[in-house]
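Q: I'd like to ask you about the structure that follows.
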Amino acid sequence: MFYCTIYSWSCIWTKLCGTNYPVCISFIVVNEFCERFSYYGMKAVLTLYFINYLHWDQNLSTAVYHAFSSLCYFTPVLGALIADSWLGKFKTIVYLSVVYVLGHVVKSVGAIPSVGDSTIHIALSMVGLILIAFGTGGIKPCVSAFGGDQFDEEHTNERRKFFSIFYMSINAGSVLSTLITPILRGNVQCFGGDCYALAFGVPAILMVIALVVFISGSGMYKKSPPEGNVLLDVCRCLGLAIKNRWMSSKYDSKRKHWLDWAEEKYPKRLIHEIKMVLRVLVLYIPLPMFWALFDQQGSRWTLQATRMNMAFMLNALLILMFVPIFDVVVYPLIGLCRINLTPLKKMAVGMIFAALAFGAATLVEVNVMKTVVEPAPHGQCLLQVYNLADSDVKLSIPGSNLFSQPIKSYEDPQAYQHLELGGHNKTITVGINHNGHFHECRETFTEQKAYSLVLHSKTSGIVCQLVSRKFKCCSNRFINTRSEAVNVTMAGVDFYIPADYGISPNKSANNVHIAWQIPQYALMTAGEVMFSITGIEFSYSQAPANMKSVLQAGWLLTVAFGNVIVLIVAEGAGLDQWMEFLLFAGLLVAVCIIFSIMAYFYTYVDPGELDKLFPDKTVNEDEDDLKKDQADDIMYLNSIEKRTKM
């Protein structure tokens, strides 16, 4: 590989010969790969760690898991402020990566059984997760923006492709980590059980590697200095503009924009930069709905897959395929058709793909639910009755009015009924009235299990057989009423059924194949490529130089609020899963229409022109400068109004 050295701006940057790609971006991409391996590897076993090691129940484990995920996307605001206002992006990434490593180390120590009691383990785990959240969240907006900083303004196409490569590195790290880390936990034994300490320790090592790789490229990076406390200036400017606008009278001169009421104290450049950022942030308002659908791949869709007797992680694999396909094939073909596919149009199309994905998930869910039984609450079990006797039977269960009507012979059984046990298990004597003769079956039931009571007649009377079935996944049994044994094959699974009312072993087989999930994953991945990658690049390209990390943090906040939407709908709606999928799809379509209308009126800007239009960054401008800036501003706005909208 050959390199060329480019001398510019008193710094030395090395680029690949014949290209406009700085060599230093390879350090950034490798850093992101290792960091994402570290993050997703830890998350892959986190819920199991809560349940099996800390002995939390599923509700608490799920709540803490989502709280941690949300914190990881709220903390980018802090990282962006530190980067843009104080340390700069490079130092922020380095310092917060150290915090990140410490979090992993503390988390790994907390997973060692010999280190204290359960209280110590919980305390270390929570401290470790908080440190990890501040570390990963703090560097999130900085790494992508720092990578974009390495490109000259005229190399926008190369910068766009960099964001695609950057996104591929995220998913490559995700694929490998979620495959390797669970293996380390389950197949490697330490301290007399699953080795969670190793499963958390390997991500810690990867984060150390990420930090070392990133620092190794220090001499090649283009490092933009921080611009001071940008957020404080922005807040003060906004406050002054609102105050002056509120206190103005009808005799005061009019302003073109409400922010112009801050001109008496703040420079035109800062006011114009704030206008640019606010216009983008307003566009972000509808975006959390996309992430509300997207992030359910790791929860609702995964649960759907387990009920299909299989679970696989397809999104990250498809991303590695779709990103180059879209960059090399799809987008160029669209360009050849003379279709102007702007960034905001791409994002709107991405939303439609995500809505279609949930439409496909709805169809799959409707079919999956036909073979799925949801568990009963504590203190109860589920019971249904199969009457294979030669005539009707009537059941009586002490203390219960279930099955009060006669059950017809060979009638399809009713849906599962909730049987109160009043404890973990209970032995119940079931009374059976058959042709005027009374029979009894004494059976033991355990809470949160599903049972089928099979009744058939012999010369001695009614015979009872109690069988249980699996939850969450399809459970299949066959009853053979013939006098000889038979073999049955269903969905590729063989069942041997003994003669004379023999019942086959409990096996899982589903006529809804796992491959039916592929369309929804393909649609969602296509939506992710068009929405997420484009959104990252759009956020960078439309932000002033001193606010790029802040706008990247705003983009990441949409992910955090998307998770909040999922929690609200999932907890408050109380709908069946297929109806919930359909609700999310409909909501995203409505949000997409709103976003498209907003995007139509958005005008793209070039932050690089700010230095030409506002060469003076000082706060105190005299009247002649203001008149000149106002004239330049009018010319600038007129020029960008001619650009293609949306």
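Residue 213 is where the sequence shown starts when you use our numbering, and the numbers rise one by one after that.
Yeah, the Cβ is synthetic: ideal placement off N, Cα and C, and Gly gets one too.
The structure displayed is predicted, hence computed values, not measured ones.
Val-679: which of Ala-662, Thr-671, Arg-694 and Ser-669 sits nearest, CA to CA?
A: On the sequence shown, position 467 is the one that residue 679 refers to. Selected option, being the one with the closest Cα: Ala-662.
Q: Going by the DSSP bridge assignment, what does Gly-405 pair with across the sheet?
A: Looking up residue 405 in the sequence shown gives position 193. Paired residue(s): Cys-402.
Q: Look at the Cβ atom of Ala-569, then the Cβ atom of Met-736, and state whether they are nearer than 8 Å.
A: Along the sequence shown, one-based indexing puts residue 569 at 357. Along the sequence shown, one-based indexing puts residue 736 at 524. Taking 8 Å as the Cβ cut-off, Ala-569 and Met-736 qualify as a contacting pair.
Q: Thr-390 by DSSP, collapsed to three states: which one?
A: Within the sequence shown, residue 390 is the residue found at index 178, counting from 1. Three-state result, Thr-390: helix.
Q: DSSP three-state label for Leu-553, please.
A: Numbered from 1 along the sequence shown, position 341 holds the residue referred to as residue 553. Three-state DSSP puts Leu-553 in coil, outside helix and strand.
Q: Going by other Cβ atoms of all chains shown within 10 Å of its Cβ, with 16 needed for buried, is Glu-623 buried or exposed?
A: Within the sequence shown, residue 623 is the residue found at index 411, counting from 1. Classification of Glu-623: exposed, given that the 10 Å Cβ count is below 16.
Q: Do Gln-732 and Val-542 come within 8 Å of each other at the CB atom, strictly closer than that value?
A: As a position in the sequence shown, residue 542 is number 330, starting the count at 1. As a position in the sequence shown, residue 732 is number 520, starting the count at 1. In this structure, Gln-732 does not lie closer than 8 Å to Val-542 by Cβ.
Q: Does DSSP classify Lys-255 as helix, strand or coil?
A: By one-based count along the sequence shown, residue 255 stands at place 43. Three-state result, Lys-255: helix.
Q: Who are the Cβ neighbours of Leu-600 in its own chain at under 6 Å, not counting the five residues just before and after it?
A: Looking up residue 600 in the sequence shown gives position 388. For Leu-600, where only same-chain residues beyond five positions count, the Cβ hits under 6 Å are His-668.
Q: Quick test of your reading: Gly-404 and Gly-350, contact by CB under 8 Å. State the CB separation rounded to the nearest angstrom.
A: Locating residue 404 in the sequence shown gives position 192, where the first residue counts as 1. Locating residue 350 in the sequence shown gives position 138, where the first residue counts as 1. The pair is not a contact, with the Cβ atoms about 37 Å apart (cut-off 8 Å).
Q: Compare the beta carbon distance of Ile-674 and His-651 with 8 Å and say whether it is the shorter of the two.
A: Locating residue 674 in the sequence shown gives position 462, where the first residue counts as 1. Locating residue 651 in the sequence shown gives position 439, where the first residue counts as 1. Yes. Within cutoff.
Q: Whole angstroms is fine: what's the gap from Gly-611's alpha carbon to Ser-695's?
A: On the sequence shown, residue 611 is found 399 positions in, with the first residue counted as 1. On the sequence shown, residue 695 is found 483 positions in, with the first residue counted as 1. Approximately 38 Å between the Cα atoms of the pair.
Q: Determine the closest residue to Gly-798 out of Lys-434, Ala-757, Ala-572 and Asp-604, with distance taken between C-alpha atoms.
A: On the sequence shown, position 586 is the one that residue 798 refers to. Ranking the options by Cα distance to Gly-798, first place goes to Ala-572.
Q: In chain order, what residues of the same chain lie with their CB nearer than 7 Å to the CB of Met-759, ignoring the 5 residues before and after it?
A: Numbered from 1 along the sequence shown, position 547 holds the residue referred to as residue 759. Counting only Cβ-Cβ distances below 7 Å, and skipping sequence neighbours, we find Asp-296, Val-442, Glu-485 and Val-489.
Q: Mapping DSSP to helix, strand and coil, what is Phe-650?
A: What you label residue 650 is simply residue 438 of the sequence shown in a count that begins at 1. Correct three-state label for Phe-650: strand.
Q: Report all residues from its chain with a CB closer than 6 Å to the CB of Thr-231; omit the five preceding and five following residues, and keep chain order.
A: Taking the sequence shown and counting its residues from 1, the one referred to as residue 231 is at position 19. Excluding positions up to five away in sequence, the list is empty.
Q: According to DSSP, simplified to helix, strand and coil, what is Thr-231?
A: Counted from its first residue, the sequence shown places residue 231 at position 19. Residue state, collapsed to three classes: coil.
Q: By the three-class DSSP mapping on this structure, what secondary structure does Val-831 have?
A: Counted from its first residue, the sequence shown places residue 831 at position 619. At Val-831 the pLDDT is 41, less than 50, meaning the model places this residue with poor confidence and gives no usable figure here.
Q: Near Phe-302, what residues of its chain come up, given a Cβ to Cβ distance below 8 Å and the 5 sequence neighbours on each side ignored?
A: For the purposes of this step, residue 302 is taken as the residue at position 90 of the sequence shown. Answer for Phe-302: Phe-358, Ser-430, Tyr-433 and Lys-435, listed in chain order.
Q: Mind reading off the beta-carbon distance from Tyr-312 to Thr-348? Whole number of angstroms is fine, and I expect it under 8 Å.
A: Translated into the one-based positions of the sequence shown, residue 312 becomes position 100. Translated into the one-based positions of the sequence shown, residue 348 becomes position 136. Their Cβ separation, rounded to whole angstroms, is 6 Å, which keeps Tyr-312 and Thr-348 in contact under 8 Å.
Q: Using a threshold of 8 Å, state whether the C-beta atoms of Leu-505 and Leu-800 are closer than that.
A: Stepping through the sequence shown from its first residue, residue 505 is reached at position 293. Stepping through the sequence shown from its first residue, residue 800 is reached at position 588. A contact, by the Cβ cut-off of 8 Å.
Q: What are the boundary residues of the alpha helix (DSSP H) that Glu-632 is part of?
A: On the sequence shown, position 420 is the one that residue 632 refers to. Premise fails: Glu-632 lies in the beta strand (DSSP E), 629-632, not in any alpha helix (DSSP H).
Q: Rounded to whole angstroms, what's the CA-CA distance from Gln-592 to Gly-635? Just pull it up for me.
A: As a working mapping, residue 592 is identified with position 380 in the sequence shown. As a working mapping, residue 635 is identified with position 423 in the sequence shown. Cα to Cα, Gln-592 sits roughly 8 Å from Gly-635.
Q: Identify which residue in Leu-614, Val-666, Ser-250 and Glu-821 has its Cα closest to the Cα of Cys-653.
A: Start at 1 with the first residue of the sequence shown, and residue 653 comes out as number 441. Minimum Cα distance to Cys-653 is reached at Val-666.
Q: I think Val-642 touches Pro-625, with their Cβ atoms under 8 Å apart; what is that distance to the nearest whole Å?
A: Along the sequence shown, one-based indexing puts residue 642 at 430. Along the sequence shown, one-based indexing puts residue 625 at 413. Contact flag wrong, Cβ pair sits at about 15 Å.
Q: Alpha carbon to alpha carbon, what distance is there between Lys-255 and Gln-660?
A: Sequence index remark: in the sequence shown, residue 660 carries index 448 (1-based). Sequence index remark: in the sequence shown, residue 255 carries index 43 (1-based). Their backbone Cα atoms lie some 28 Å apart in a straight line.
Q: Does the separation of the CB atoms of Phe-286 and Ala-772 fall below 8 Å?
A: By one-based count along the sequence shown, residue 286 stands at place 74. By one-based count along the sequence shown, residue 772 stands at place 560. Yes.
Q: Any idea what DSSP makes of Phe-302, helix, strand or coil?
A: Taking the first residue of the sequence shown as position 1, residue 302 is located at position 90. Three-state result, Phe-302: helix.
Q: Terminal residues of the continuous beta strand (DSSP E) containing Val-679?
A: Numbered from its first residue, the sequence shown carries residue 679 at position 467. Val-679 -> beta strand (DSSP E) spans 673-681.
Q: On a Cα-Cα basis, can you pick out the residue from Ala-566, Asp-364, Val-387 and Ile-240 that is closest to Leu-794?
A: As a position in the sequence shown, residue 794 is number 582, starting the count at 1. Among Ala-566, Asp-364, Val-387 and Ile-240, the Cα nearest to that of Leu-794 is on Ala-566.
Q: For the region 818-828 against the region 525-538, are there 3 or more C-beta pairs whose distance is under 8 Å?
A: In short, these stretches do not touch, since the Cβ pair count stays below three.
Q: Of all the alpha helix (DSSP H) runs that stay within the bounds of the region 420-477, which reach a length of 4 or more residues?
A: You should have 442-459.
Q: Under 8 Å, with one C-beta from each stretch per pair, do the region 465-479 and the region 441-457 reach the 3-pair mark?
A: Touching, per the Cβ criterion.
Q: For Phe-412, collect the residues of the same chain with a Cβ closer than 7 Å to its Cβ; drop the 5 residues on either side in sequence, then sort them by chain order.
A: Position 200 of the sequence shown holds residue 412. Only Met-254, His-316, Lys-319, Ser-320 and Ala-323 meet the Cβ criterion.
Q: Check whether the Cβ atoms of Gln-764 and Ser-381 sit closer than 8 Å, and answer yes or no.
A: Residue mapping note: residue 764 aligns to position 552 of the sequence shown, counting from 1. Residue mapping note: residue 381 aligns to position 169 of the sequence shown, counting from 1. No, these two residues do not count as a Cβ contact at 8 Å.
Q: Need the endpoints of the beta strand (DSSP E) that Tyr-663 sits in, please.
A: As a working note, residue 663 is residue 451 in the sequence shown. Its beta strand (DSSP E) spans residues 662-670.
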